[in-house]
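Undergrad:
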Amino acid sequence: MAGHAGQKHKIRVVSPDIGGGFGGKVPIYPGYVIAIAVSFLTGVPIKWVEDRSENLQADSFARDYHIKAEIAATKEGKIQATRFKVLADHGYTDASANPSKFPTGLFSIGTGSYDYDTAYMEADAVYTNKPPGGVAYRCSFRVTEAVHAIETVVDTLALKIGKDPAQLRFENFIKKDQFPWKSPTGWEYDSGDYKAGLEKAMKAIDYDGLREEQVEKRKKGELMGIGISTFTEIVGAGPSKDFDILGIKMFDSAEIRVHPTGKAIARFGTKSQGQGHETTYAQIIAEELGIPAENIQVEEGDTDTAPYGLGTYASRSTPTAGAAAAMAARKLRDKAKKIAAYLLEVSEDDLEWEPGKFSVKGAPEKSKTIQELVFAAYTNHPQGMEAGFEATHYYDPPNLTFPNGAYICVVDIDSDTFEINVRRFVAIDDCGNIINPMIVQGQVHGGLTQGIAPAMYEELLYDDDGNILNGTLMDYLVPTAVESPSWETGHTITPSPHHPIGAKGVGESPTVGAPPAIANAICDALKPYGITHMNIPITPFKIFKTLQEKGLLDTDLKI
Amino acid sequence: MEIKIKLNGTEMTADVEPRTLLVHLIREKFSSTGTHIGCDTSSCGACTILIDGKSAKSCTILAVQVNGKEISTVEGLLTAEGLHPIQEGFKENHALHCGFCTPGMMMRAVELLEKNPNPSEDEIRWGISGNLCRCTGYNNIVSAIKYASAKIRGAELPSTEPKFV
Amino acid sequence: MIPSSFEYSAPSTLDEALKMLNELGDEAKILAGGHSLIPMMKLRFAEPEHLVDINNIPGLSYVKEEGEYLIIGAMTREVELEESDIVAAKFPIFLDAAKLIADPQVRNWGTIGGNLAHGDVANDHPAVMIALDAEVEITGQNESRWVSINEFFMGFYTTAVQEGEILTAIRIPNASGKNGNSYHKNERKVGDYATAGVAVNITLDDSGTCTAVGIGLTNVNPTPLKAERSEQALIGTKLDDAAIANAAQYASEDCKPSDDLRGSVDYKRRIVKTLTKRMIIKAMERAN
Ligand SMILES: Cc1cc2nc3c(=O)[nH]c(=O)nc-3n(C[C@H](O)[C@H](O)[C@H](O)COP(=O)(O)OP(=O)(O)OC[C@H]3O[C@@H](n4cnc5c(N)ncnc54)[C@H](O)[C@@H]3O)c2cc1C
Ligand code: FES
Ligand code: FES
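Protein sequences, first through last, are from chains V, G and E.
Using our numbering, the first residue of the first sequence is number 19, and each one after it goes up by one.
Using our numbering, the first residue of the second sequence is number 1321, and each one after it goes up by one.
Using our numbering, the first residue of the third sequence is number 489, and each one after it goes up by one.
#1: Between residue 793 of chain E and ligand 1, is the CB less than 7 Å from at least one heavy atom?
#2: Using the DSSP secondary-structure output, state which residues sit across from residue 579 of chain V in a beta bridge.
#3: Helix, strand or coil for residue 757 of chain E? Go by DSSP, reduced to three states.
#4: Among the candidates E:769, E:754, E:771 and E:768, whose CA atom is the shortest distance from the CA of residue 571 of chain V?
#5: Is residue 338 of chain V closer than 8 Å to residue 400 of chain V when the C-beta atoms are compared?
#6: Quick check on DSSP: helix, strand or coil for residue 382 of chain V?
#7: Taking 8 Å as the threshold (C-beta atoms), are residue 495 of chain E and residue 537 of chain E in contact?
#8: Can you find a CB in chain G that lies within less than 8 Å of the CB of residue 201 of chain V?
#9: Report the option in V:64, V:423 and V:431 whose CA atom is closest to the CA atom of residue 191 of chain V.
#10: Tell me residue 748 of chain E's beta-bridge partners as DSSP assigns them.
#11: Let me know the secondary structure DSSP gives residue 262 of chain V once reduced to three states.
#12: Considering Cα atoms alone, identify which of V:162, V:142 and V:29 is closest to residue 529 of chain V.
#13: Could you pull the DSSP bridge partners for residue 89 of chain V from this structure?
#14: Report the three-state DSSP secondary structure of residue 566 of chain V (helix, strand or coil).
#15: Quick one: give me the first and last residue of the beta strand (DSSP E) that residue 81 of chain V is part of.
#16: Give me the residue from G:1412, G:1377, G:1401 and G:1411 with the minimum Cα distance to residue 1452 of chain G.
#17: List, in chain order, every chain V residue whose beta-carbon is nearer than 9 Å to that of residue 1443 of chain G.
#18: Does DSSP put residue 188 of chain V in a helix, in a strand, or in coil?
#19: Across the stretch 149-163 of chain V and the stretch 97-114 of chain V, are there enough close Cβ pairs to call them in contact, namely three or more that are closer than 8 Å?
#20: Go through its chain and collect everything with a Cβ distance to residue 560 of chain V's Cβ below 6 Å, but skip five positions before and after it.
#21: Between which two residues does the alpha helix (DSSP H) carrying residue 1410 of chain G extend?
#22: Hey, would you say residue 1383 of chain G sits closer than 8 Å to residue 1327 of chain G, going by beta carbons?
#23: Residues of chain V with a CB under 8 Å from the CB of residue 1428 of chain G: which are they?
#24: Quick one: using the 10 Å Cβ neighbour count with 16 as the cut-off for buried, is residue 634 of chain E buried or exposed?
#25: Counting contacts by CB-CB distance shorter than 8 Å, is residue 139 of chain V in contact with chain G?
#26: Could you check whether the Cβ of residue 606 of chain E sits closer than 7 Å to any heavy atom belonging to ligand 1?
#27: Which complete beta strand (DSSP E) runs does the stretch 188-252 of chain V hold, if anything under 3 residues is left out?
#28: Can you have a look at residue 173 of chain V and say buried or exposed, based on whether 16 or more other CB atoms are within 10 angstroms of its CB?
#29: Got a sec? Which residues, its chain only, sit under 7 Å from residue 579 of chain V by beta carbon, not counting five neighbours each side?
#30: Which residues bound the alpha helix (DSSP H) around residue 1459 of chain G?
#31: Have a look at residue 267 of chain V and residue 257 of chain V and give me their C-alpha separation to the nearest angstrom.
#32: Label residue 474 of chain V either buried or exposed according to how many other C-beta atoms from any shown protein chain fall within 10 Å of its C-beta, with 16 as the threshold for buried.
#33: Taking just the CA atoms, how far does residue 388 of chain V sit from residue 373 of chain V?
#34: Quick one: residues in its chain with C-beta nearer than 7 Å to the C-beta of residue 406 of chain V, no 5 flanking neighbours on either side, listed in chain order?
#35: Please say whether residue 613 of chain E and residue 763 of chain E have beta carbons closer to each other than 8 Å?
#36: Does the beta carbon of residue 505 of chain V sit closer than 8 Å to a beta carbon anywhere in chain G?
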C-alpha cells in the first residue's frame, strides 16, 4: 500500500496484542488490502473480520511437502549419503516471506545432526488452486519438513538393519569437538553437543527400562513404541551477505533510551505475539546495564516509533533483536564508562564494571552507579560528549544459530481400535544460553502441542474438486488439554559462540522436533506388523487402513 | 427486544434483535472485549463466560435467553482486593502467551474450582477440554489452576519455578 | 456467524407453549439447551421463523425414581445427570456418556430432551436410551403419550415428536435382578461426535444367566440402532466368551455405517465390534 501510494512516511501501522502468529500472520491477505483501499475510498475506518471458517478455507497453509527420502549407509549403519526429492504445493501463490536467495527456505538443513558428507536435495514447487501456501508455520522456512525427512528416514534405517535407533544416532552424530561444522549443503553449524542431549533424554525417560517393557508387551501382543528425534534447527535469519527479503537485509534492531530517572524505554523492530519479548528483552538489557528489568519498558509494534526491523517469525527475535538489545546496551555501557572516568577523575582503564556500577580498580568505595551516570549524561557530561543516554543498534548476525534437541516419546496403541496414547514425552532442548527459563519452557510446551498436532490430528483435506472437507474446528482437530500429554522438558546448554550473549532461538524447535519423535514411536509400536514408515498425520483410522491394505487384519469383519 | 442483565454486578439494559448472540451483546453493545470469539462452531471456548455462575459458550446462547440473569466475564475477576486467585495463578505460572484463550480458560476454571475445589491433573485437563489453547501446550494452565485451587483453599501454594528433567 | 432473523417467545407455562406451537405450526422451533439448534442456525442450516424457548417453563427439569421407573425431565441438563446420586448409583452409563459428550460448557446447557428430540444419529443419548429400553413422553395440547424409544427415531433429524408437541420426560424401567450398564464411544479427539459408540444394559439372574439385555449403537446407521441380533445372542447365556463374540460380530454386521472423515465402513464395523465386546464385559462386571 505504502509502495503504491509512494507515501510510506504517512502510513502508520500499529499492532497491539494480536493473538498468536505462528507464521499465519506473515502473508499479506487480500482482506488487509481491501480494507485499506475501502478506507481510502470512503474516508472512514474499516475493520476486516475473518471468521474461523474463512480462516481455515482461505488463510495460508504450510507443510504440503511431499518428500521422497533415501538414505545410504554401511551394513553397520554408518550413514554415507542422503537424497531428498520434494514436490511442494504452494497453493495459488506463495505466501511465505522467504529469504530471496533461498526459494526452498532452509530445507537444505535436512542432513541433520549426522556426520556424513554427501547429500542431494531437489524440490519442485507447484501452484495449485489451494489458498496461498508455503508459509513457515512455526518453523524457520521449511525446517520442519527437512527435519521430518531426516529423522524418520534415520529410523527407517535403524528398523531395517535391526539396530537400536538411539545407538544408530550415537554412532553417527557430529561430535562436540567437530564444531563449527560444515554441513554437506554448506551451512556452518555453530555449536552443539548432541550426545549429551540424547543421553540426558534417555536417562530422564528410562530408555533401557522402556525397551525391556516393550519386549514383555510384544510377547503379549500389546503395541507399545518408543520414538526418538535428535534434530538440528537453523534459526536467526540472517547474515546480510546471504539473507534479504526482496532486497531488505534481514537484520533486526533495538533502540534504548534511558531517562534521567534511570528508567528506560527500549524499542524493537520485532513484535511479540505471546513470546514474551517484553520480559526477555528487558532481561537482556538489565543484564548488560545493571538496571532492574522492571525499570525497562519494552515497546514494539508501532511503525512511528519502532526502529526498522524484519519482524518476529522463524525464531529470529532473540538471535537478531535480542542481540541488537545487548549490543545497544553495550554501547551505552561504553558511554557510561566514559562519564564514570570523567566524574571519578580516573582513566577508563582504571575502571571496573560490575552489574549496576563502575568502580575504581583497587578502590571500590570510589564508584558511580549506572543511575548516577545516566543522570550525569543529562546534567554533567564531559565537554565534547553528546548529551543524553540512548543508543540504537542494527544487528547483522555473522551466522545463523543452530539450536538442537533430543526428544523421546512413548506411545501405547490399542490393538483393536488403534487409538494412540502418548504416554510420555521428554524433550531436551539446547538453545544455548537461556535468558528466561520459564519463557523458554513455555515456548517448548506450546511447540510440543503444535508438534503432536500435525503428527496425529491436523490436516486440511480437500475433495477431488478442491472443496475443503474440514473447514471448521469440528473437523480440523486442534488438540485439547486431554490429547496433549504432560510434557517433560529439560535442557543442555551449549552457547552459540558468535551470538553476543550465546543464545540461540528456541520457539520453533519443539514444532520441528516433535512430529518425527511421535511418528517414529508409532512406527516402532507397529514394527511387529512390518511397518517402517507412515506419513503424518498418523490417525487410528490410517493405521487401520495401512494394516488392512497389507492384508494384516482379521478377515472376520468382511461382510 | 428490551433485555436487562447484570454484567459483573452492574445492571445493564439493551435493545437487541432475538438473533443477537450473547457474545456480540457483551463485546459490541457492552464493549467488554475480554470475551473473545475464536470459532463459529462452538468448539474453542474463547467466548466462555458465567451465566448465574455456570460456564457457558456465549457464542451459542442468544442474548434474549439471559434476560434477568447474572453474567460474569473476565473483566469482573479483578476486584478491589486485587487479582482473582485464578488470575494470579495464570500470571505466576506463565499460563498465557498470546492471551487469546485466557479469558475463556479462566472463566471456565472459576466454575471448575467452584465445583471441585481440589481437582486432580486429569480432572483439570478434562475440565478445560472445551477450551482450545494454541500457545501454551496446556502444562502451565494446569499448574495455574492447581495454584488457584491451593490459594482458594488456603493451602500451601505450589512452587511456580519451572520444573526441568 | 449470525442466525437469520426470527421471532422469539419464552412462554412460562407448558400450556402456553403448546398453544403457541399449535398456532405457529411449522414456522416454529422449540429452543431447549440450544446447543444443537443454535450452531445449525448460525451456519444457516436451520432458519426457523419463530423460536419458542421452553427454558422458562418450571417443572421440566428433574431426575426422580417413581414406582418402577427412573424419570428424567426433558429439560434436565447433562450436568444435572452427571451430578445426580441416583444416576451414579444405578446408571453409571450416563456418566460414561456424559464424560464424552462435548465439553463441560456444552453439558451445562444441553438438555436430555433436546439430545433425543434433535434426532441426530451422532448424538449419544439415543443409543443409551435404546440400551435402557426407555420410553419418551410426548405432550400435545390435548393429550400426552408414552412412546417406546424403539419407535421414536424416524429418520434423518426426524422423530415421533409431531408439530405442536413437546417432549416432556423420559422414563427408564428399573431392572429386576443384577443390573449393569455401560457406554463408550470412539472419537477422534475429546469433544468430537462419535466415530462409533456402543451402549449396553444387562440384567442377570442369581445364577449369572442373562435375562434381559439392551444394546444401542451410535452413528453407524441412518438412525440410532438397536442391535437386536446381538441382544438375542446374549439372552439366556451366561455371557461366556462365545456368546459375547457372537454379539459383537452381529453388531458389526448389522450396522450400516457410512464412509466419511471419521473412517471407512470397515473401520467403523471394527470399532463397533470391539466396543460391543468391551461394553458387554464392563456392564457384566458392573452387574456383579
Ligand atoms: C461443540 C459441541 C459438541 C457436541 N458434542 C456432542 C456429542 O459428542 N454428543 C452428543 O450427544 N451431543 C453433542 N452435542 C450436542 C449437545 O449435546 C446438544 O446440547 C444436544 O444435542 C441438544 O440438546 P439441546 O437441549 O441443546 O437442544 P436444542 O439445540 O435446543 O434443540 C435441538 C432440537 O431438538 C428440538 N427440541 C429440543 N428440546 C425439545 C423438546 N423438549 N421437545 C421437542 N423438541 C425439542 C429443537 O427444536 C431442536 O430441533 C454437541 C454440541 C456442541 C455445541
Ligand atoms: S467462539 Fe468458539 S466456542 Fe464460542
Ligand atoms: S495463550 Fe495463546 S491461545 Fe492460549
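Glycine is no exception: its CB is placed at the ideal position from the N, C-alpha and C atoms.
TA: Per the coordinate set shown:
#1: Chain E is shown only over 489 to 776; residue 793 of chain E falls outside these bounds and no answer can be derived.
#2: In the structure displayed, chain V extends from 19 to 577; residue 579 of chain V sits before or after that span and is not available.
#3: helix
#4: E:754
#5: no
#6: strand
#7: yes
#8: no
#9: V:423
#10: E:751
#11: strand
#12: V:162
#13: V:100
#14: helix
#15: First-last for residue 81 of chain V: undefined, no H or E at that position.
#16: G:1377
#17: Ordered by position in chain V, no residue passes the 9 Å Cβ test against residue 1443 of chain G, which lies about 11 Å from the chain.
#18: helix
#19: yes
#20: none
#21: 1405-1412
#22: no
#23: Near residue 1428 of chain G there are no residues of chain V at all, since even the closest Cβ is about 11 Å away, more than 8 Å.
#24: exposed
#25: no
#26: yes
#27: 241-250
#28: buried
#29: No statement about residue 579 of chain V is possible, as the shown extent of chain V runs from 19 to 577 and does not include it.
#30: 1459-1473
#31: 8 Å
#32: buried
#33: 9 Å
#34: 395 and 396
#35: no
#36: yes
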